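Chemist: As you go down the protein sequences, you meet chains A, B and C in turn.
Residues in the first sequence are numbered from 1 upward in steps of one, following full-length UniProt numbering.
Residues in the second sequence are numbered from 1 upward in steps of one, following full-length UniProt numbering.
Residues in the third sequence are numbered from 1 upward in steps of one, following full-length UniProt numbering.
Heads up, the beta-carbon is just placed ideally off N, CA and C, and yes, glycines get one too.
In this text, all values refer to a predicted model and were calculated from it rather than measured experimentally.
Encoded as structure tokens, here's the structure I'll be asking about.
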Amino acid sequence: MAGIELLSDQGYRLDGRKATELRKVQARMGVFGQADGSAYLEQGNTKVLAVVYGPHEVRGARSKILYDRAVINCQYSMATFSTAERKRRPHGDRKSSEMSLHLKQTFEAAVLTQLYPRSQIDIYVKILQADGGNYSACVNAATLAVIDAGIPMRDYVCACTAGFVDDTPLADLCHAEESGGGTSLAVALLPRGGQIALLQMDARLHQDHLDTLMEAAMTACKGVSKVLDEVVRQHLQEMSILTGE
Amino acid sequence: MLKSKTFVKKTRSGGILKVVREHYLRDDIWCGSEVCVECKDESPVLEKDPCMESSMCTFPHYLIPDTNVVLHQIDVLEDPLIRNVIILQTVLQEVRHRSAPAYKRIKDAIHNKEKHFYTFTNEHHRETFIEREPGESANDRNDRAIRAAAHWYSKHIPDSAEIKVVMLTNDRLNKEKAEQTGLLVYRCDEYIKSLIANPELVDRLALTSDEKNEITSSKILFPEHLPLSQIQSGIKSGKYIQGTFRANRDNFLEGTVFVHGEGDESTEILLQGLQKLNRAVHQDVVAVELLPQEDWVAPSAVVLQDDGSKGEDEEEEEEEEEKKLQTKQVHRDSLKPTGRVVGIIKRNWRPYCGMLTLSHIKESTRHLFTPADRRIPRIRIETRQAATLEGQRIMVAIDGWPKNSRYPRGHFMKNLGSAGDKETETEVLLLEHDVPHLPFSQNVLSFLPSMPWAITEDDMNRREDLRHLCVCSVDPPGCTDIDDALHCRELENGNLEVGVHIADVSHFIRPGNAMDQEAASRGTTVYLCGKRIDMVPELLSSNLCSLRSNVERLAFSCIWEMNDNAEILNTRFTKSVINSKASLTYAEAQMKIDDRNMNDDITKNLRGLNKLAKILKAGRIEKGALTLSSPEVRFHIDSETHDPIDLQTKELQETNSMVEEFMLLANISVAQKIYDEFSECALLRKHPSPPPSNYDILHKAIKTKNLVIHTDSAKELADSLNQADIEGFPYFNTLLRILATRCMMQAVYFCSGLDSDFRHYGLATPIYTHFTSPIRRYSDIIVHRLLAVAIGADSTYPALMDKHKQAALCNNLNYRHKMAQYAQRASVAFHTQLFFKSRGILNEEGFILFVRKNAIIVLIPKFGLEGTVFFENKDKPSPKMTFNEEVPTLTVEGHTFNLFDRVRVTISLDASNIQHQKIRMSLLEPVIPGVSVPLPEAEPEAKKAKLDR
Amino acid sequence: MATVQVSEAEKLYVLHGVRDDLRVDGRGCEDYRHVEVETDVVSNTDGSAKVSLGHTNVLVGVKAEIGKPKPMVPDEGYLEFFVDCSANATPEFEGRGGEGLGIELSNTLVKVFSNKHCLDLKSLCISPGENCWVLYVDVLLLQCDGNLFDAISMAIKAALFNTKIPKVHICEDEDGGKEIELSDDPYDCVRVNVENIPCIVTLCKIGHRHVVDATLQEKACSVASLLISVTHTGMVTCVRKVGGGSLDPESIFEMTETGKRVGKALHAPLMELLQKEESLGSKRQKVGFLG
């Protein structure tokens, strides 16, 4: 019984949210001028910068070129000061390589790569502050950056985590909840078609519980997608005012 | 979606980690009152006409206690009289942080619908959240948060409702500040005293520090305790030693501190005299300072009882007693490391049972309380109902022990009933052995399945339908919590299928809920004479889980395919549905097996099982399993008065061992399976082999009979026990086995990930666990869950897979099992006393089990009763005694007592001390002049008792 | 991007502009681009600052950890620098691409900042020879448009200004055992005195003149540049020639003079800004990357 109480009897979580509530999501597109697309996103205290370069010609080895579609190139890294305990290297460790690969897979499923044969699209994400749900925040930020770069996608890719405490699914876990033990499921969803671009869960969970957990994660993703859509519309509006239309 | 503002709360933990957490504030947290129109609470908890009649608060009101009130006055808050209390989240969190038992109790109170306790999540409410200010301590901030919330309430509740909010705090500063802001605030005792309905409640108030100063003499009796920080650094530097204080049962001026060393290097430090003991109470964790060697003393042999004859004013007398202690020692070599207590690291106080010793002054409200446990000092309490409490067993909690008070101060908690009364004494022994025995809380009961309960379609689909099998259960008579049932049938290929079906308790008790937590905390069902304290609510233990005959029940089955030689060809586990065909007692089953005329399915079943069991048992014994013995008694309890009317040792029948054999087999099979599946977190049971020195007593004992015993391995021990027989002394072997049992270690639960030695010495198996009694043992529930996961029938949960959590659980289970055993023994002892009380003085044959310096310990086979025959008597000069430790023998006035000697003793009840009644044995034969007692007049009643058998 | 291609004609255009004290973006030779500074942008660091200088964008986070003092100076704490040339700034930095530049930058930063003249390192000492504070100054490059050093130095100064080191005290018992205890009050913290921390001014020699705060384009036109670190009193603490070309002693002297003048003038507005931000306390609306 020791440790922290993740869900109070009154139904409140550590930070005061209820089980199904997301953290506050705030985002901005076009934060940098030099990149082709960029976005900054906060999901609670998890803060991410994403930039997109491309589509451009394939750099480096020609063998990487795909003749029917664009290569998606991702790099996930974390600022050395982003975690409570300082990290020694921003990237190149096992965990971030895995994350890079997951991002790549996610966006290969979402970006209409066949429109840009023989070219490359770079997606770089940087965690500035980590407080749980790093992967999902990265996906959400990268989605905005890709949109900012004007690269066509099938749909928004929205990601969110969900966990299980006392048989209650919790949406959008913060770091304390993630490290409190138990399962954490990350889902990247293309909300309109209900297609899942990525699904990841490392802990053991009984099959019976998977459905409810998936349901919670997908509902959360849809919540995220609403916020993202708003951000995009807001951004476009500002842009059109600036360009005087 | 979220109407919230983000705040950042910073906590720094460890060295330099800066942790940032979000803190959302909401405006959808309701006040929980029925009168409120603003809040959209669907089922408000606080009543609209809260009625607690108080002479101070003549209006309807809600209470808001602060943290310390909840922590210290939980006894009062739990009273049914106190209702409509607002427990703030701030308070709840602090309580949780500071005291797990208090937290549990307040949670139970909150869950109790009658109490109307409401938890207000003030830390997340937009209007009641406050941020810590520069220079403010965490405590001050929390006090301010409590005031802020109280303030909010007083504003929030509409004036038309005429309900006021009353804050309770014992903190003077907090009270003043609250008063300044116009809050209604009282000290807890003030308020309780003003309650009209129940003046008795005042006694249950814990004394707060303010009150202590008023009533004590100015004389400082004890040295100051050091602050914790100083103790910690002192321990680090080796200046002080940390250990557990153990008071001496027979001498209140003496105690030892047990210091845990590495391996076998645990040591004891002697403490002598009130000053050196310095207010340590039995089981406290203390820091001691070792005295220089020239000040070391020897443990005194004096028996000093701090009995009620002395008042507090007679301290000089005590000082003399202390001197008596010190002048006694003579032997230089018997000096022990001696020390003094410099500080208390952790108090381990619990509520104590005992009796009140009335003050000599008639009108006094201050009285001394004498705990039943002699190791606990007497406690000064204040009560106005002393007259009613006289002769009653009561419960008292210690509040503190100021340095100018001879006795610790406490408060009355509960009246248990009159002393000597069966109910009361049972209650006392449960409390004293820390057996949780309160009725299950509403919160726990809310997790019971709703009645009428039936097996659902869904259950059927997931489970194997074994209803067609001829399953039956065999148990002791009167058993209502049937854990296990068996079946045996011949397969088409000529092999036998044997199934052990265990009640599927884990189906009903889901991990982590209140019922699960309660069961985990209780750990085991405790069987006392004529009473059972269930681990799970009765609906489960005696009905839904119990595998009664002719009803459909859920089971967890372990099914083997065996050949005729009882070799296992195939093992499988499955969740199932069974329908037991018969619930038999051991004797009934035995009769069926023996009766050649019976040839029904059940009987065939039993015969098959019995045959296999015999082979299994032979195999086990071959491997070196021990058959040990301990005298067990059964009472024949009168069905109306519930008094014991006869006493007999338990008889074992073949069917006992038949059931046992299959249970062992199931346990072993399951242990292997869960260990294979979860090598890191399997809950297993081991029985360590005893260190060779444990057998010394056995070796010495058997030498006196010119026999040899080998103890190098379990197998050798078993073999030599089997061979040790003396002609014309049939009971000798049993005695030997009883002795051997005493040499054994305790079997314990452990988590496989944290241990490497798995062997079960007594059963001679490399791996073992408990699977077969989930109704009465929590360990089995965990094992069920593990096995269910292993076969894919259920899911895991984090705590199940966490080896450290599981180790902590094992510790609790081991503790509860030990305490349950003690409680059981105490219950048997009490009933034995009751039995002998009605019998007068008896005269029985017994055997010497041990000899001591001044006594022999005698076992009466007829009653399975063990007692001590003292040769010293207060009134008479001691006889001449020589004790030879080597053999060992005791020579009294020329007669030498050897182990296993046959003696005759008288048995009677010594009821001179009502709190500590005991069985007294006196020597009858051999006749030693001046030592043995004359044959008592044969009382007709005693004779009649014999005829009964 | 870290490098740009400049044609001969462009080069000439830039060169002529500089000669007439009119740069491509309209600035004079001693003018800085628009600077934005914001502190306390990463809440789980002990101090942080974000600085943008034109398109150049850096984020600095400071984390204080307890470490062992260096044996040569047992009564001083020390600073560690790490520059993360992130791929966000340019795809060239992807993988290990930014490592070389990162090392070069951090080595220079150590030389400039980690000495007792610019920071009271003794104040970082907790107990001599045993414990001291180590300030990990982590620089994250988010976008490069020339003049990294100047931007980084400003960001470091701002981040150190913002740094709040939790207050610790040492409990000592009679036998010399020591234990570090953390203050229970989160408001109880130590600040770093940043008064003497220098700012770096990079001067690029273009043609016969030199400019401060060169954009990437201008840098491509320059032969070599000189890096000067200047304190608020105008004291020069470090001079370094960087870049491929060569400089004659006379122009080094001239550039140093300019650097001193410009550098000295840089401190006052920076400090003013930081003080103003500080005085707002928790009431300040944080902008970060959302503005």
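Counting only beta-carbon separations shorter than 8 Å, does A/Asn45 have a partner in chain B?
Modeler: Closer than 8 Å to some Cβ of chain B, the Cβ of A/Asn45 qualifies, so yes.
Chemist: For chain A, check one thing: does any of its Cβ atoms lie closer than 8 Å to the Cβ of B/Thr121?
Modeler: Taking Cβ atoms only, chain A reaches closer than 8 Å to B/Thr121, which makes this a yes.
Chemist: Please confirm whether C/Glu257 has its beta-carbon closer than 8 Å to some beta-carbon of chain A.
Modeler: No, because no Cβ of chain A sits closer than 8 Å to the Cβ of C/Glu257.
Chemist: In chain order, what residues of the same chain lie with their CB nearer than 7 Å to the CB of C/Leu15, ignoring the 5 residues before and after it?
Modeler: Answer for C/Leu15: Ile206, Gly207, Cys221, listed in chain order.
Chemist: Which stretch, first to last residue, makes up the beta strand (DSSP E) that contains B/Arg21?
Modeler: Run containing B/Arg21: 17–24, per the beta strand (DSSP E) assignment.
Chemist: Which residues in chain C have a C-beta closer than 8 Å to the C-beta of B/Gly135? List them in chain order.
Modeler: Simply Asp185, Tyr187.
Chemist: Taking just the CA atoms, how far does B/Arg187 sit from B/Leu63?
Modeler: If I take the Cα positions, the gap works out to 12 Å.
Chemist: Go through its chain and collect everything with a Cβ distance to residue 248 of chain A's Cβ below 6 Å, but skip five positions before and after it.
Modeler: A question about residue 248 of chain A goes unanswered here, because the residues of chain A that appear run from 1 up to 245.
Chemist: For B/Val903, list the residues DSSP reports as bridge partners.
Modeler: According to DSSP, which records beta bridges pairwise, B/Val903 is partnered with B/Gly846.
Chemist: Mapping the DSSP letters down to three states, classify B/Arg172 as helix, strand or coil.
Modeler: Looking at B/Arg172 - three-state DSSP - the assignment turns out to be helix.
Chemist: When you compare only the Cα positions, how much space is there between B/Leu569 and B/Phe662?
Modeler: In a straight line, the C-alpha of B/Leu569 is about 15 Å away from that of B/Phe662.
Chemist: Which whole-angstrom value is the C-beta distance of B/Cys681 and B/Gly753, which I expect to be below 8 Å?
Modeler: Indeed they touch by this definition, with Cβ atoms about 5 Å apart.
Chemist: If we ignore side chains and look at the alpha-carbon of each, how far apart do C/Val18 and C/Glu218 end up?
Modeler: Their Cα atoms are separated by approximately 9 Å.
Chemist: If contact is defined by three or more beta carbon pairs under 8 Å, each pair taking one atom from either stretch, is the stretch 412–425 of chain B in contact with the stretch 80–93 of chain B?
Modeler: Counting Cβ pairs under 8 Å, fewer than three are found: no touch.
Chemist: Under three-state DSSP, which class holds B/Asn443?
Modeler: Helix at B/Asn443.
Chemist: Whole beta strand (DSSP E) runs in the stretch 650–695 of chain B with 3 or more residues, listed along the chain?
Modeler: As far as the stretch 650–695 of chain B is concerned, its whole beta strand (DSSP E) runs of at least 3 residues are 683–686.
Chemist: Let's test the definition: count the other Cβ atoms within 10 Å of the Cβ of B/Leu438 and tell me whether it reaches 16, buried, or not, exposed.
Modeler: Exposed, because fewer than 16 other Cβ atoms sit within 10 Å of the Cβ of B/Leu438.
Chemist: Which residue comes first and which comes last in the beta strand (DSSP E) that contains A/Gln75?
Modeler: Note, A/Gln75: beta strand (DSSP E), 71–78.
Chemist: Identify the continuous beta strand (DSSP E) that holds B/Glu567 and give its terminal residues.
Modeler: B/Glu567 -> no beta strand (DSSP E), and no H or E assigned at all.
Chemist: Ends of the alpha helix (DSSP H) at A/Tyr135?
Modeler: Its alpha helix (DSSP H) spans residues 134–148.
Chemist: Please list the terminal residues of the continuous beta strand (DSSP E) segment that includes B/Ile344.
Modeler: Its beta strand (DSSP E) spans residues 339–346.
Chemist: Mapping the DSSP letters down to three states, classify B/Val69 as helix, strand or coil.
Modeler: Helix.
Chemist: How about B/Asp484: is its Cβ closer than 7 Å to a heavy atom in the ligand NAD?
Modeler: Within the structure as shown, the ligand NAD is missing, as the structure has no ligands at all.
Chemist: Can you confirm whether B/Thr67, when its beta carbon is compared against all beta carbons of chain A, has any partner nearer than 8 Å?
Modeler: B/Thr67 does not count as touching chain A.
Chemist: Give the interface partners of B/Val288 over in chain C, defined as CB-CB distance under 8 Å, in chain order.
Modeler: Per Cβ cutoff of 8 Å: no residues; B/Val288 is ~17 Å from chain C at best.
Chemist: Just verifying my parser: in three-state terms, what is the DSSP assignment at B/Glu314?
Modeler: With a pLDDT of only 43 at B/Glu314, under 50, the local geometry of the prediction cannot be trusted, and no value is derived from it.
Chemist: Ignore the nearest five residues each way along the sequence and tell me which others in A/Val231's own chain have a CB closer than 6 Å to its CB.
Modeler: If we look at A/Val231 and ignore the five residues flanking it on each side, its Cβ neighbours are Ala27.
Chemist: Could you name the residues of the same chain whose beta carbon sits closer than 8 Å to that of B/Leu739, not counting the 5 residues immediately before and after it, in chain order?
Modeler: Taken in chain order, the residues that qualify are Ile697, Leu698, Ala701, Leu849.
Chemist: Could you tell me which residues DSSP puts in a beta bridge with B/Ser54?
Modeler: Paired residues: B/Leu195.
Chemist: Take every Cβ of the stretch 110–117 of chain A, pair it with every Cβ of the stretch 169–181 of chain A, and state whether three or more of those distances are shorter than 8 Å.
Modeler: In short, these stretches do not touch, since the Cβ pair count stays below three.
Chemist: Kindly say whether A/Ser77, judged by its beta-carbon, lies nearer than 8 Å to any beta-carbon of chain C.
Modeler: Yes, contact with chain C.
Chemist: Restricting to Cα atoms, I'd like to know which of B/Glu885, B/Gln806, B/Val905 is closest to B/Val869.
Modeler: Comparing Cα positions, the closest option is B/Val905.
Chemist: Which bits of chain C does A/Lys126 rub up against, with CB to CB less than 7 Å?
Modeler: Those within 7 Å of A/Lys126 in chain C are Ser86, Asn88.
Chemist: Let's see if you can read the secondary structure: which residues bound the alpha helix (DSSP H) around B/Thr734?
Modeler: Looking at the DSSP string, the run of the alpha helix (DSSP H) that includes B/Thr734 is 731–743.
Chemist: Taking DSSP as the reference, what is the three-state secondary structure of B/Gly478?
Modeler: Three-state DSSP puts B/Gly478 in coil, outside helix and strand.
Chemist: What residues in the stretch 827–859 of chain B have a beta carbon less than 9 Å from any beta carbon of chain C?
Modeler: Residues: none.
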